[in-house]
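**Student:** Dropping a structure here in structure tokens format, bear with me for questions.
Number of protein chains: 2
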Amino acid sequence: MGHAVTIKDIAKILNVSVSTVSRALRDTYDVNQETKERILSLAAELNYKPNFNATGLAQGSTHNIGVVLPFITNYYFSTVITGIQEVAYNDNYNIILFITNDSSERELSIIQNLSLSRLDGLLVSVSSNSDSCNHFQEIINEGTPIVFFDRVASNIDTSKVMQDDYNGAFEAVEHLIENGYSKIAHIAGPKGLDFTEKRLNGYLDALKKHGLAAREEWIIYSGFSQEYGEADTYQLLQCEQRPDAIFAVNDRKAIGAIVALKNNGIVIGKEIGVIGFTDDPICTIISPSITTIAEPAFEIGKTCCELLLKHINKKHFHPQEVILPGTLIARESTMRN
Amino acid sequence: MGHAVTIKDIAKILNVSVSTVSRALRDTYDVNQETKERILSLAAELNYKPNFNATGLAQGSTHNIGVVLPFITNYYFSTVITGIQEVAYNDNYNIILFITNDSSERELSIIQNLSLSRLDGLLVSVSSNSDSCNHFQEIINEGTPIVFFDRVASNIDTSKVMQDDYNGAFEAVEHLIENGYSKIAHIAGPKGLDFTEKRLNGYLDALKKHGLAAREEWIIYSGFSQEYGEADTYQLLQCEQRPDAIFAVNDRKAIGAIVALKNNGIVIGKEIGVIGFTDDPICTIISPSITTIAEPAFEIGKTCCELLLKHINKKHFHPQEVILPGTLIARESTMRN
DNA sequence: TATATCTATGCAATCGTTACCGAAACTGTA
DNA sequence: TACAGTTTCGGTAACGATTGCATAGATATA
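Those sequence lines, one after another, are chains X and P.
Take the first sequence: its letter number 261 is residue 1321 in the working numbering, and every next letter is one higher.
Take the second sequence: its letter number 177 is residue 1237 in the working numbering, and every next letter is one higher.
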């Protein structure tokens, strides 16, 4: 009830000025040791909590960071958020969530309506169909730092955190080759997206290294969902040369592939191998279990948040690009027998 | 660059006072139609955005609502959040996320360190092992409204939103009975949790209605994860009287049951039927697909957020309890052949 | 003793906005 | 013309904290 306790209350009770209380609380100016202790103990006793609107107003910093991403209802993003939350919580920052539904219009609207006075910085994973990134550049120009993760805007000069898409894909394809598959198809993400390209290149280079052909009909670009994975796989099964393995750009599409192959009575692993990317928990639940490249989602969340805090706290922190390695997890879907 | 445009800037340019600008912007006090238009158009032109720290300070309201929940890395909670976000976004509220990791200590620490000056209200789903809810009551006493969803603190007098656990469970068990199962076991949630009880009661009453026995050895309480579901199922298989159907408190445990049954070479559906609760997308992916009661997660998110906004905006909004029905989705795991 | 240096504190402006109080300027009425 | 009533607007004190500047008192230096 009543009103929350403020530094004025403390000042009045202790018969000192508000500035002294403020300094004692922030432990930053010279305040007599004894009065500082009196202030701190009274503050604790009264359960004093700073008013963030006031501090924010006075020193131009809220302790809020915004997180902008396509959606949270999948394993990868929800785990990234959990990682972000972990370091934010420890550093007393709050995270404010903005969900774009993977729509560039919504993304634009969110960014343009953003009250920057409310945020110290932004963590973003861009929506898959956003063509321009000017709106992000403007935010940065206005002085609010941004760190990108996963789906990055490559032409913007700021810190970025992502998994090692190229090497993950390379490793995935090599794993298939080592297990005796040679006609390897790739069901990719949407064209133009940064990590679609990287995984594609890893795929192509691994084939090249092992002297295998990359047939155009074996590479299909489409969306990220299970349905697309299914459709792509049906299309692959109609190829002139039928592939004997499928590298899917993510686990969702790998699941789609599994479903499609099962529907066609194909024995997965033996006849056609399947490998995904992410390590969604579903991989271990589905039968056959799916071999995949595990992405360090939690680590990515932690890292990008740490970087953002550095951007916030150091005036001109030099942008960094952090690439975290994935790890291959072999399961049934790439077992020859 | 420079500084964000404020109402002072607008006032100076238009040669009016800040109070006039403020009134024009909020469209609430008497201000001449023509000057109002001049102000609004200039504000739009300069891309004026209100400083929420300042408005928050001045009128004691931020436009932030806190969401406190166990975790977000599952289908149910991430969908609820998406629903919350949907209405919050439309009403220009931001959501600030607090993740308890389902630990009551963390929950307590979060709540106690909460700077209420930063939040207009709170949406919470309590952690499964929190025994006391005094900390929530204190928040409410201090004037910050709370709406509970899913895992509610039943002894606190405020609005609550949940799925219809009792009837969902009842319907699930009746579905099993209709499909010819009669020895129906229940792998439940942890004892003491509100919805564990409700689903248990639905189970018991459905059995009673159809004159079926409820054997004590067929009811097992444990955690919510797949692992618990597996362990519980192994235990069920050792019962004196082996059940011919399993009603799991949620899909995760149902999945565990599926895994355990498969490991024992039992034909699911034919020999033992399995039904879950939630409608996690995994239900359709796993083989056999899992019959379940679909929870209206998105609706729950929307509803609790709407209720919270009412609590925030109407001084003494009368608390409401909203119970949203689930819907049975029949799949392979309860098909006799 | 007079002066310089420090330490510890208070005063007051400031951040951007709201809202109360009053007062011009105008309208209409007697 | 005088007066009351409307509109429309400006001045200003909040909101809770930070911070540059000033200063009293204590201490050290010459």
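Ideal Cβ positions, reconstructed from N, Cα and C, are used throughout, including at glycine.
As the structure is a computational prediction, the values presented were derived from the model and not from experiment.
1. For the stretch 1196-1253 of chain X, which segments carrying the beta strand (DSSP E) assignment without a break, of at least 3 residues, lie completely within its bounds, in sequence order?
2. What alpha helix (DSSP H) runs, 4 residues minimum, are completely inside the stretch 1275-1347 of chain X?
3. If we define contact as Cβ-Cβ less than 8 Å, is Asn1113(X) a contact residue for chain P?
4. By how many angstroms is the C-alpha of Phe1158(X) removed from the C-alpha of Arg1166(P)?
5. Under a three-way DSSP split, which group does Gly1143(X) fall into?
6. Taking a contact to mean a Cβ-Cβ separation below 8 Å, would you say Val1128(X) touches Ile1144(X) in this structure?
7. Straight-line CA distance for Asn1310(P) to Leu1367(X)?
8. Does the beta carbon of Ile1156(X) come closer than 8 Å to any beta carbon on chain P?
9. Tell me the DSSP secondary structure of Ile1067(P) in three-state form.
10. Given that Leu1168(P) touches chain X, what residues does it touch there, using C-beta distances under 8 Å?
11. Apart from the five residues on each side of it in sequence, which residues of its chain come closer than 6 Å, Cβ to Cβ, to Gly1262(X)?
12. Quick check: the stretch 1099-1113 of chain P against the stretch 1129-1143 of chain P, are there 3 or more CB pairs under 8 Å?
13. Give me the Cα-Cα distance between Met1061(P) and Thr1204(X), rounded to the nearest whole angstrom.
14. Assess, as a yes-or-no matter, whether the stretch 1327-1347 of chain P is touched by the stretch 1373-1393 of chain P under the definition of 3 or more beta carbon pairs within less than 8 Å.
15. I believe Val1221(P) touches Thr1363(P) by the beta-carbon criterion, under 8 Å. Please report the beta-carbon distance rounded to the nearest angstrom.
16. In angstroms with no decimal places, state the Cα-to-Cα distance between Ala1317(X) and Gly1283(X).
17. Cutting at 8 Å between CB atoms, please list the residues of its own chain near Ile1360(X), excluding the five before and the five after it.
18. Name, in chain order, the residues that DSSP records as bridge partners for Thr1095(X).
19. Pull out every residue of the stretch 1134-1150 of chain X whose Cβ sits closer than 7 Å to any Cβ of chain P, in chain order.
20. Quick one: grab the DSSP three-state call for Asn1134(P).
21. The beta strand (DSSP E) spanning Val1128(P) covers which residue range?
22. Val1065(X): which of Ala1103(X), Lys1374(X) and Val1327(X) sits nearest, CA to CA?
23. Express the C-alpha separation of Gly1325(X) and Phe1307(X) in angstroms, rounding to a whole number.
24. Is there at least one Cβ from chain X nearer than 8 Å to Ala1104(P)'s Cβ?
25. For Pro1341(P), collect the residues of the same chain with a Cβ closer than 8 Å to its Cβ; drop the 5 residues on either side in sequence, then sort them by chain order.
26. Drop a sphere of 10 angstroms on the beta-carbon of Arg1178(P), count the other beta-carbons inside from all chains shown, and report buried for 16 or more, exposed for fewer.
27. What is the DSSP secondary structure of Val1184(X), reduced to helix, strand or coil?
28. Which residues, in chain order, does the stretch 1250-1263 of chain P contribute to contact with chain X at a C-beta distance below 9 Å?
29. In this structure, what does DSSP give as the bridge partners for Thr1351(X)?
30. For the candidate residues Asp1304(P), Phe1377(P), Ala1213(P) and Glu1381(P), whose alpha-carbon lies nearest to that of Ser1188(P)?
31. Measuring CA to CA, which of Ala1071(X), Val1078(X), Lys1375(X) and Leu1272(X) is closest to Gly1181(X)?
32. Which of the three DSSP states, helix, strand or coil, is assigned to Leu1157(X)?
33. Please list the residues of the stretch 1345-1367 of chain P that have a C-beta atom closer than 7 Å to any C-beta atom in chain X, keeping them in chain order.
34. So for Leu1388(X), helix, strand or coil by DSSP?
35. Give me the Cβ distance between Ser1185(P) and Glu1381(P), rounded to the nearest whole Å; I'm assuming they're in contact under 8 Å.
36. Quick check: is the beta carbon of Leu1117(P) nearer than 8 Å to any beta carbon in chain X?
**Tutor:** Looking at the atomic coordinates:
1. Correct list: 1206-1209, 1220-1223 and 1244-1248.
2. Complete alpha helix (DSSP H) runs here, min 4: 1286-1297, 1311-1323 and 1342-1345.
3. Using a Cβ-Cβ cut-off of 8 Å, Asn1113(X) counts as an interface residue toward chain P, since at least one Cβ of chain P sits closer than that to its own.
4. A straight line joining the alpha-carbon of Arg1166(P) with that of Phe1158(X) spans about 24 Å.
5. Shown here, Gly1143(X) sits in a helix according to DSSP, grouped into three states.
6. Result no, Cβ atoms of Val1128(X) and Ile1144(X) do not sit closer than 8 Å.
7. Roughly 38 Å separates the two Cα atoms.
8. Yes, Ile1156(X) counts as interfacial toward chain P.
9. Looking at Ile1067(P) - three-state DSSP - the assignment turns out to be helix.
10. Correct list: empty, because the minimum Cβ distance to chain X is about 14 Å.
11. Cβ neighbours of Gly1262(X) beyond the five flanking positions: Tyr1226, Ala1229 and Phe1230.
12. No, the stretch 1099-1113 of chain P does not touch the stretch 1129-1143 of chain P.
13. With a pLDDT of 43 at Met1061(P), under the threshold of 50, the predicted position of this residue should be treated as unreliable, though the coordinate-derived value follows. Cα-Cα distance, rounded: 10 Å.
14. Using a Cβ-Cβ distance cut-off of 8 Å, the stretch 1373-1393 of chain P and the stretch 1327-1347 of chain P are in contact, since at least three pairs of beta carbons, one from each stretch, lie closer than that value.
15. About 5 Å; that satisfies the 8 Å criterion.
16. Cα to Cα, the separation comes out at about 13 Å.
17. So the qualifying residues of the chain are Val1140, Gly1143, Phe1209, Asp1210, Val1221, Met1222, Gln1223 and Leu1384.
18. In the DSSP output, where bridge partners are listed per residue, Thr1095(X) has none listed.
19. Hits within the stretch, in order: Tyr1135, Ser1138, Thr1139, Ile1141, Thr1142 and Gln1145.
20. In this structure, Asn1134(P) counts as coil in the three-state DSSP scheme.
21. First-last of the beta strand (DSSP E) with Val1128(P): Asn1124 to Leu1129.
22. Minimum Cα distance to Val1065(X) is reached at Ala1103(X).
23. CA-CA distance, Phe1307(X) to Gly1325(X), rounds to 19 Å.
24. Chain X contact via Cβ: absent.
25. Closer than 8 Å at Cβ, skipping near neighbours: Tyr1135.
26. Classification for Arg1178(P): buried.
27. Val1184(X): strand per DSSP, three-state reduction.
28. Cβ contacts with chain X come from no residue of the stretch 1250-1263 of chain P.
29. Partner(s): Ile1335(X).
30. The residue with the shortest Cα to Cα distance from Ser1188(P) is Ala1213(P).
31. Ranked by Cα distance from Gly1181(X), the first of Ala1071(X), Val1078(X), Lys1375(X) and Leu1272(X) is Lys1375(X).
32. DSSP, read as helix, strand or coil, puts Leu1157(X) in strand.
33. Listed by position along the chain: Ile1345, Ile1346 and Ser1347.
34. Three-state result, Leu1388(X): strand.
35. A Cβ-Cβ separation of about 15 Å leaves Ser1185(P) out of contact with Glu1381(P) under the 8 Å criterion.
36. Yes, because at least one Cβ of chain X sits closer than 8 Å to the Cβ of Leu1117(P).
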